[in-house]
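Asker:
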Amino acid sequence: MIKELVTTVSEIPTPDVIVQQIIATASNPNTSAKELEKVISMDVGLSTKILRLVNSAYYGLPRKVTKLSEAIVIIGFKTVRNLALSVFTYSALHFKQTFVDHDKLWAHFMLTAVFSEQIGKSIGFMNREELFLAGMLHDVGKLAIDLIFPTYFYELTKVSQNTNMPVYDVEMRINSEPHTEVGAELLRFWKFPEEYIQSALLHERPSINPNSPYIEMACIVHLANVFANIFLPGASLSYGEPYLDPIVFNILGVKPSRLSYLIKELDKVYEKSRDMIFGGVEDETRV
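The numbering of the sequence shown is UniProt numbering, which starts it at 1 and goes up by one.
#1: Quick check: the Cα distance between Asn175 and Leu259, rounded to an integer number of angstroms?
#2: Determine whether the beta carbon atoms of His203 and Val221 lie at a separation below 7 Å.
#3: Please go through the stretch 3-65 and give each complete alpha helix (DSSP H) segment of 4 or more residues, from N-terminal end onward.
#4: If you follow the alpha helix (DSSP H) that Thr98 is in, where does it begin and where does it stop?
#5: Alpha carbon to alpha carbon, how far is Cys219 from Leu252?
#6: Secondary structure at Met136, three-state DSSP: helix, strand or coil?
#7: Please determine, among Ala200, Lys64 and Asn164, the residue with the shortest C-alpha to C-alpha distance to Gly141.
#8: Pairs of beta-carbons, one from the stretch 71-89 and one from the stretch 44-51, closer than 8 Å: are there three or more?
#9: Do you know offhand how far Val73's Cα is from Arg63's?
#10: Please return the same chain residues whose Cβ sits closer than 7 Å to the Cβ of Leu36, not counting the five positions on each side in sequence.
#11: Could you name the residues of the same chain whose beta carbon sits closer than 7 Å to that of Ala107, not counting the 5 residues immediately before and after it, in chain order?
#12: By how many angstroms is the C-alpha of Glu241 removed from the C-alpha of Thr66?
#13: Taking buried to mean at least 16 other C-beta atoms within 10 Å of its own C-beta, is Phe99 buried or exposed?
#14: Buried or exposed: Asp43, going by 16 or more other Cβ atoms within 10 Å of its Cβ?
#15: Kindly indicate which three-state DSSP category Ser273 falls into: helix, strand or coil?
#16: For the stretch 141-154 against the stretch 113-130, are there 3 or more C-beta pairs whose distance is under 8 Å?
#17: In or out: Glu185 buried (at least 16 other Cβ within 10 Å) or exposed?
#18: At a Cβ threshold of 7 Å, is Leu266 touching chain C?
#19: Reducing DSSP to helix, strand and coil, say where Asp267 ends up.
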């Protein structure tokens, strides 16, 4: 399947030139807000969609922001970059119609992203903006499989639903390359940094590679993914009880007894982010 992915990757949308420029510009420590605004403004539709996300309840801004320059200053370069990639991810999910519900998958992507960021905040992880992006991209392998092998992916999700067994376990049972490996390969092809590749690869079972230099990020995304599946069962197109890898407690220093408190925090974040999760990133005319 991974070989097929490499040879047919043209069937999967690739971040366009403007999105790539936004990533590069936002990641450059010497970039000014005016320079980043100039790059984003090259695509009016993208600018509008980013402003819609900025003004969602998740960010809790005291007033509506109408200018990109304000948004960039208020929420920061990396957050603007994340929102640009959110727009791209939404577009990629809706690139073509297949047999599965892409709005559900989008909701899972975004909920995992906001939960990753919140868990990072709760445990004192330094680069929380990176967690949002890692969470959003963790299941990109499902997108790749769905676009290239839509019938296979649909059957995979139906087996998961009928047996009440998570998709990853089904993949392991039938000895198929899991969506984690496919996603990691796609992110590698897109030239994403290694921390995102590792998070996609390890998000189902971080203990597969406990010595990864990015094991902490992978564990946070894993935990966020577990909770996202609890809050929105079936949205990931995977069914059954999600598996919580015990390595999480050692790596993140979180005691099992703290999970109930964490759930309350995530519940508040979930309520704040509902419009962003379920509203998509279509333009102001809702077209």
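Cβ coordinates follow ideal geometry from the N, Cα and C atoms, glycine included.
Answerer: To lay it out plainly:
#1: 33 Å
#2: yes
#3: As far as the stretch 3-65 is concerned, its whole alpha helix (DSSP H) runs of at least 4 residues are 17-27, 33-40 and 44-54.
#4: Looking at the DSSP string, Thr98 is not in any alpha helix (DSSP H), and its letter there is neither H nor E.
#5: 7 Å
#6: helix
#7: Cα-wise, what sits closest to Gly141 is Ala200.
#8: yes
#9: 14 Å
#10: Cβ neighbours of Leu36 beyond the five flanking positions: Thr25, Ala26, Ile72, Phe77 and Val80.
#11: A distance below 7 Å between beta-carbons, with the five flanking residues on each side excluded, links Ala107 to the following residues of its chain, in chain order: Leu232, Ala235, Ile277 and Phe278.
#12: 43 Å
#13: exposed
#14: With at least 16 other beta carbons inside 10 angstroms of its own, Asp43 counts as buried.
#15: coil
#16: no
#17: buried
#18: Absent from the structure: chain C. Only one protein chain is present.
#19: helix
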